[in-house]
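Peer 1:
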Amino acid sequence: MRDAGGRTVWGALGELSTPAELLRAARGLREAGYERVDAHSPFPVHGLERALGLARSPVPWFVLVLGLGGAAAGMALQWWVSVEAYPLVISGKPFFSWPAFVPIMFECGVLGGALGAIFGFLAMARLPRHHHPLFESQRFERMSDDRFFLSVEAEDPLFDREGTLALLRRLGAGHVELIELPAPAVPAGSAEEA
Amino acid sequence: MAHAPERPLIDPREVSLPEGHPLARLSLVAAAVGAVVLAAAWGLGGARFYASYLTAYVYFLTLGLGGLVFVLMQLVTRAGWSVAVRRLAEHVTGTLPLFLVLFVPIAVGLADLYPWVGGVADGGHDALLAHKQPWLNAGSFYVRAALYLVIWGGLGWWLRRESVRQDGLAGPRAVAITRRLQIVSAPGLVVYGVTVTLASFDFVMSLDPHWYSTIFGVYIFSGAMVGILALVVLLAAALERGRGPLAGLVTAEHYHDLGKLLFGFVVFWAYIAFSQFMLIWYGNIPEETVWFAERLEHGWRPVTLALALGHFALPFFYLLGRDVKRHRVALAAGAVWLLAFHYVDLYWLVMPSVVEGFSPHWLDLATLVGAGGLFAGALGRLVSRPALVPVADPRLPESLSFENV
Amino acid sequence: MLVTGDPGFHGVTEVVVRPVEWTPPIGWYVALAVSVSLLGLFGISIGWLIWEGVGVWGNNVPVAWGWPIVNFVFWVGIGHAGTLISAVLFLFRQRWRTSINRAAEAMTLFAVMCALVFPGIHTGRPWLDYWMFPVPNQMAMWPQFRSPLMWDVFAVSIYGLVSLLFWYLGLIPDLATMRDRSKTKVRQWAYGIFALGWRGSARHWLHYERAYLLLAGLATPLVLSVHSVVSFDFAVSQVPGWHTTIFPPYFVAGAIFSGMAMVVTLMVICRVVFKLKDLITLLHFDRMARLILLTGSIVGLAYGTEFFVAWYSGNEFEMFAFLNRAGGPYAWAYWIMISCNVLSPQVFWFKKARTSIPVLFTVSILVNIGMWFERFVIVVTSLHRDFLPSAWDYFSPTLWDVATLLGSFGLFFTMFTLFVRFVPMVAMSELKGVLPEASPHHHGAAEAGHDEGAQYA
Chain A
9 MRDAGGRTVW GALGELSTPA ELLRAARGLR EAGYERVDAH SPFPVHGLER ALGLARSPVP
69 WFVLVLGLGG AAAGMALQWW VSVEAYPLVI SGKPFFSWPA FVPIMFECGV LGGALGAIFG
129 FLAMARLPRH HHPLFESQRF ERMSDDRFFL SVEAEDPLFD REGTLALLRR LGAGHVELIE
189 LPAPAVPAGS AEEA
Chain B
13 MAHAPERPLI DPREVSLPEG HPLARLSLVA AAVGAVVLAA AWGLGGARFY ASYLTAYVYF
73 LTLGLGGLVF VLMQLVTRAG WSVAVRRLAE HVTGTLPLFL VLFVPIAVGL ADLYPWVGGV
133 ADGGHDALLA HKQPWLNAGS FYVRAALYLV IWGGLGWWLR RESVRQDGLA GPRAVAITRR
193 LQIVSAPGLV VYGVTVTLAS FDFVMSLDPH WYSTIFGVYI FSGAMVGILA LVVLLAAALE
253 RGRGPLAGLV TAEHYHDLGK LLFGFVVFWA YIAFSQFMLI WYGNIPEETV WFAERLEHGW
313 RPVTLALALG HFALPFFYLL GRDVKRHRVA LAAGAVWLLA FHYVDLYWLV MPSVVEGFSP
373 HWLDLATLVG AGGLFAGALG RLVSRPALVP VADPRLPESL SFENV
Chain C
33 MLVTGDPGFH GVTEVVVRPV EWTPPIGWYV ALAVSVSLLG LFGISIGWLI WEGVGVWGNN
93 VPVAWGWPIV NFVFWVGIGH AGTLISAVLF LFRQRWRTSI NRAAEAMTLF AVMCALVFPG
153 IHTGRPWLDY WMFPVPNQMA MWPQFRSPLM WDVFAVSIYG LVSLLFWYLG LIPDLATMRD
213 RSKTKVRQWA YGIFALGWRG SARHWLHYER AYLLLAGLAT PLVLSVHSVV SFDFAVSQVP
273 GWHTTIFPPY FVAGAIFSGM AMVVTLMVIC RVVFKLKDLI TLLHFDRMAR LILLTGSIVG
333 LAYGTEFFVA WYSGNEFEMF AFLNRAGGPY AWAYWIMISC NVLSPQVFWF KKARTSIPVL
393 FTVSILVNIG MWFERFVIVV TSLHRDFLPS AWDYFSPTLW DVATLLGSFG LFFTMFTLFV
453 RFVPMVAMSE LKGVLPEASP HHHGAAEAGH DEGAQYA
């Protein structure tokens, strides 16, 4: 929503000092019916996922699929090289020396799984995202140090400038603020081109 | 700083089987049945009896030894999570003295089992056996076996007795018992490592006295770990279901941890098994490969494949997911499966070295039932009386309240 | 105590970030200068090797594998403790790992770098090293996958990559801390790029924790497999003293043993120089010393088993190999190995020794010396006298062997010295997460310092 200065409000931010406060406030927001809520902390807070109603992470599936795929690829590579592409008789061992192929197959499986974990994490966390409205807040810098934050996005149906801030204060936030975005600059003459 | 509670956290009677519970009586019945079946098998069995009996003996012995190492490991690492289930492993450990008695048939049938018995049997032509004679002879074998069994039996009995004694104490006296158990656990592990390595060479590896593998002791250890973790899961599940004495104390968190360890040791077993196989396959030296060659011929090949599938591949995928490990019944089903395949593993280790070709025999079942009845009887008796949880252990509160990631 | 002095979250940040933000003490510059000089020696040794050829080393026939492979195994082994601390201790919920895991993982990365140099340069024609990789080439030639040396290429490279990924994942929240504290645009930009825009969101943490747990679960069998593959270099052969099935778990235990010792060496120095004594406490050293005693005992058990089975086997070549180790021309190396690896860690049965910095430092150095000698004994004694006495010969290292080994320490310490200057060397977010204050059930100062069960240790 825009205000008189043409600036869009992204949402509200409340600052708390302990994990217990964060948890209580998060539950309070959810009970009040807010959905576009997020919490920010310097380390994972136990119980926060449940308080925010977050679903289980699907990252394990990335790991499983890419891990098995990696192992299969590793075995397929060795099979193809040793049986099809360049068969060599090495100390009388069969072309498809599967016991000798297990170590590399295993390592390729682990590599696939590890890549699955990293890319799964990045994909699900929607990172990298170097620019985010929250970074406009000065106080938010303490997110990575020793403070805990709750954010409510303006897109939440229940969002109200004064009401949400007041609720955050009631729930124990020591400091609350609105996070604003500067409105995008309109280049001269673009109205005709649009 | 927290202090050890002044009274045990829980009344020991609340976490024991109730008075008059049929388990004590059933244990006696199981033992009696076991003894009868065993006697009949021995009487009727002939030479084949000893091979079947050794398999069954080593099977239950590895469960007892698994219990011993599990308890020692939990004590030496000052683990908190496992306190709620450690007493179950202590009960299993407490069966170890029984194996001194159960060794008698093996002692009697030594000549039927081990080719090196009776000096150099074939008139001195086997230079290898002649070379090994200082170690592989009946006399020193009996002495060593007695030593292993007395040490294990003594250690197992003592660990359980001290832990049970702690139930009646509180405050600093309870803590003193924990400290004593901890102090013993580290040298205990050293003794365990040496005795299990040598015993596995003596009891199982020397069945094929021309063969050797330095990793053999580790292999037996890894199988024992799978066995004990599966057994503890089963015991916990049995005592927790319905409104059993462990209900509310053993939770999904404990099953999850036991399941994680079970998964880990299934993988570890496979790693040791594969290492042993691959290195011998790769070196292709006949005096080593003969052991595996025997297990890939004469009807043993399907058993080998079944072992790889049933002891590793299938349990790997079954225990991979989080949900199965947290679900009592699902995990217990996996535990039963693995206990069955632990037997297959030992059967596969022992039998091909003693009998010609894969030939399952009624004696295999009879000795399993016989030794099993006696083992179950002893275990049942040990479980039926004291508390099923070390109520005065200072780490019990931690065990009851931890949560998994 | 996990952490002494009750610093609180902000205190942890300040203590850990200080070495990265302030002007380093003179000692850091001295360390860097020494390390870079050794690195220069490394460069010269490698350059001379590539120019003149492998003959500059002492490798001969029959000891065709000399110091280079000993150094390779040595460095890979050291790397494994980092993964153990990061991954295995994480899986076992050992909270004390959080003070040392960042530095230990960094140690892994640098050790793997040092390790990979040796196979790279020892091939005789290093410009053809690309033949080891399965890439199509104009000769339609492919690597020979049945060779354990190929397994090494995959195992150690993948180990390096996965360790890097794991280390980096753990670093992201701390890079965000550095970014948020930056006073200059350059720093903000540098840390910010790699922090990926981390906001500490609950959603971030949700996926992060799952990924971290799974990486730990993958890294654990990886550690076992990598040093097992390294042991396969020897065990798949038919050489007496090499071809023995216990090598895989024995090498893994030995690797963790030597790596733990290196972590102790590094942490003894770092906690003093960088004023981290409240975060890296005597409790941590006590735990590490116990792990050193445990893994050292496993190594000792393996030595005993090998010796016994060498006799039991009745194989005269195997028996000779072991008698030759203990009593032959390299007996001096063997007994250095035994005293450093089996005897010296025994002091750690005593708590006084486990918590005495001078003892810890001394034993850790001795263990690393002993473990280098273990690989030397394995490689050289088995090769210099195997089946045929007419093929026997003695091996002596050359000055270039020594220079290359010393130079590799230069690479390691240069990387580590730079690391402590530019990257927070303690995992701040992880450490904060295990403090008592981090639990939502914490009720103020009354419970501060409660480390359940530790008092019964």
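Protein chains in written order, with our numbering: chain A, 9 to 202; chain B, 13 to 417; chain C, 33 to 489.
Idealized CB from N, CA, C, for every residue including glycine.
The structure presented is a predicted model; accordingly, all values stated were derived computationally and were not measured.
Return the bridge partner residues of residue 262 (chain B) from the DSSP annotation.
Peer 2: DSSP, once it has assigned bridges, lists B:259 as partnering residue 262 (chain B).
Peer 1: Please state the DSSP three-state secondary structure of residue 156 (chain A).
Peer 2: Here residue 156 (chain A) sits in strand by DSSP.
Peer 1: Tell me whether residue 184 (chain B), by its Cβ, gets closer than 7 Å to a heavy atom of the ligand GTP.
Peer 2: Among the components modelled here there is no ligand, and therefore nothing to report on the ligand GTP.
Peer 1: So, under 8 Å CB-CB, residue 454 (chain C) and residue 44 (chain C) are touching, yes? Tell me the CB distance rounded to an integer number of Å.
Peer 2: So it is not a contact: roughly 19 Å between Cβ atoms.
Peer 1: Between which two residues does the alpha helix (DSSP H) holding residue 45 (chain A) run?
Peer 2: No alpha helix (DSSP H) contains residue 45 (chain A), which is instead part of the beta strand (DSSP E) from 45 to 48.
Peer 1: Put residue 246 (chain B) into one of helix, strand or coil per three-state DSSP.
Peer 2: Residue 246 (chain B): helix per DSSP, three-state reduction.
Peer 1: Take the Cβ of residue 24 (chain C) as the centre, count every other Cβ of all protein chains shown within 10 Å, and call the residue buried at 16 or more, exposed below.
Peer 2: Given a span of 33 to 489 for chain C in the structure shown, any question on residue 24 (chain C) remains unanswerable.
Peer 1: Based on the DSSP secondary-structure assignment, which residues constitute the bridge partners of residue 20 (chain A)?
Peer 2: In the DSSP output, where bridge partners are listed per residue, residue 20 (chain A) has A:160, A:186.
Peer 1: Find the residues of chain A that neighbour residue 294 (chain B), judging by a C-beta separation of less than 9 Å, and give them in chain order.
Peer 2: Ordered by position in chain A, the residues that pass the 9 Å Cβ test against residue 294 (chain B) are 99, 101, 105, 107, 108.
Peer 1: Going by the CB atoms, is the gap between residue 67 (chain A) and residue 128 (chain A) shorter than 8 Å?
Peer 2: Cβ distance < 8 Å, so residue 128 (chain A) and residue 67 (chain A) count as in contact.
Peer 1: Quick check on residue 370 (chain B) - is its C-beta less than 8 Å from some C-beta in chain A?
Peer 2: Not closer than 8 Å to any Cβ of chain A, the Cβ of residue 370 (chain B) fails to qualify, so no.
Peer 1: For residue 175 (chain C), count the other beta carbons within 10 Å of its own beta carbon; 16 or more makes it buried, fewer makes it exposed. Which is it?
Peer 2: By the 10 Å Cβ count, residue 175 (chain C) comes out buried.
Peer 1: Would you say residue 461 (chain C) lies against chain A (beta-carbon separation less than 8 Å)?
Peer 2: Cβ-Cβ to chain A under 8 Å: yes for residue 461 (chain C).
Peer 1: Between the alpha carbons of residue 192 (chain B) and residue 263 (chain C), how many angstroms are there, rounded?
Peer 2: Taking the straight line joining both Cα atoms gives about 39 Å.
Peer 1: Counting only the same chain and skipping the five closest in sequence on each side, list residues whose C-beta sits under 6 Å from that of residue 27 (chain B).
Peer 2: Around residue 27 (chain B): 257, 399, 400, 401.
Peer 1: Report yes or no: is there a C-beta of chain C within less than 8 Å of the C-beta of residue 225 (chain B)?
Peer 2: True, the Cβ-Cβ gap to chain C drops below 8 Å.
Peer 1: Which of the residues in the segment 136 to 153 of chain A, read from start to end, lie with their CB under 9 Å from any CB of chain C?
Peer 2: Cβ contacts with chain C: 136, 137, 138, 139, 140, 142, 143, 148, 149, 150, 151, 152, 153.
Peer 1: Taking C-beta to C-beta, are residue 44 (chain A) and residue 153 (chain A) nearer than 8 Å?
Peer 2: No, Cβ-Cβ distance for residue 44 (chain A) and residue 153 (chain A) is not below 8 Å.
Peer 1: Show which residues of chain A have a CB atom less than 9 Å away from the CB atom of residue 289 (chain B).
Peer 2: Those within 9 Å of residue 289 (chain B) in chain A are 107.
Peer 1: Taking beta-carbon pairs under 9 Å, can you tell me which members of the segment 186 to 207 of chain B lie near chain C?
Peer 2: For the segment 186 to 207 of chain B, which is checked against every Cβ of chain C, the residues closer than 9 Å are 187, 190, 191, 194, 198, 199, 201, 202, 205, 206.
Peer 1: Count the other CB atoms within 10 Å of the CB of residue 171 (chain C); is the residue buried (16 or more) or exposed (fewer)?
Peer 2: Exposed: under 16 other Cβ atoms inside 10 Å.
Peer 1: What is the rounded straight-line gap between the Cα of residue 68 (chain C) and the Cα of residue 62 (chain C)?
Peer 2: Their backbone Cα atoms lie some 10 Å apart in a straight line.
Peer 1: Can you find a CB in chain C that lies within less than 8 Å of the CB of residue 83 (chain A)?
Peer 2: By this cut-off, residue 83 (chain A) is not an interface position.
Peer 1: Between the segment 19 to 35 of chain A and the segment 158 to 173 of chain A, are three or more C-beta pairs nearer than 8 Å?
Peer 2: Yes: at least three Cβ pairs fall under 8 Å.
Peer 1: Identify whether residue 225 (chain B) lies in helix, strand or coil by the three-state DSSP scheme.
Peer 2: Coil at residue 225 (chain B), not helix or strand.
Peer 1: To the nearest angstrom, report how far apart residue 152 (chain B) and residue 159 (chain B) are at their CA atoms.
Peer 2: Rounded to the nearest angstrom, the two C-alpha atoms are 10 Å apart.
Peer 1: Assuming residue 52 (chain B) is part of the alpha helix (DSSP H), what are its boundary residues?
Peer 2: From DSSP, the alpha helix (DSSP H) with residue 52 (chain B) extends over 35 to 57.
Peer 1: With 8 Å set as the bound, which would you pick, yes or no: does the beta-carbon of residue 325 (chain C) sit closer than that to a beta-carbon of chain A?
Peer 2: No, residue 325 (chain C) lies away from the interface with chain A (no Cβ there is under 8 Å from its Cβ).
Peer 1: Bridge partners of residue 233 (chain C), per DSSP?
Peer 2: Paired residues: A:48.
Peer 1: In chain A, which residues lie less than 9 Å from residue 286 (chain B) when you measure between Cβ atoms?
Peer 2: In chain order: 107, 110.
Peer 1: Closer than 9 Å between beta carbons: that is the criterion. Which residues of the segment 258 to 272 of chain C meet it against chain B?
Peer 2: Taking 9 Å as the Cβ-Cβ cut-off against chain B, the residues of the segment 258 to 272 of chain C that qualify are 260, 263, 264, 267, 268, 269, 270.
Peer 1: Are there 16 or more other CB atoms within 10 angstroms of the CB of residue 183 (chain C), so buried, or fewer, so exposed?
Peer 2: Buried is the call here.
Peer 1: Between residue 221 (chain B) and residue 126 (chain B), what straight-line distance do the alpha-carbon atoms span, to the nearest angstrom?
Peer 2: Using only the alpha carbons, I get a separation of about 8 Å.
Peer 1: Please say whether residue 89 (chain C) and residue 433 (chain C) have beta carbons closer to each other than 8 Å?
Peer 2: Closer than 8 Å, so yes.
Peer 1: Between the segment 365 to 379 of chain B and the segment 309 to 318 of chain B, do three or more beta carbon pairs fall short of 8 Å?
Peer 2: Enough Cβ pairs lie closer than 8 Å, so yes.
Peer 1: Using 8 Å for Cβ pairs, my map puts residue 357 (chain B) next to residue 64 (chain B). What's the rounded Cβ distance?
Peer 2: That belief does not hold up - the Cβ atoms of residue 357 (chain B) and residue 64 (chain B) are roughly 15 Å apart, past 8 Å.
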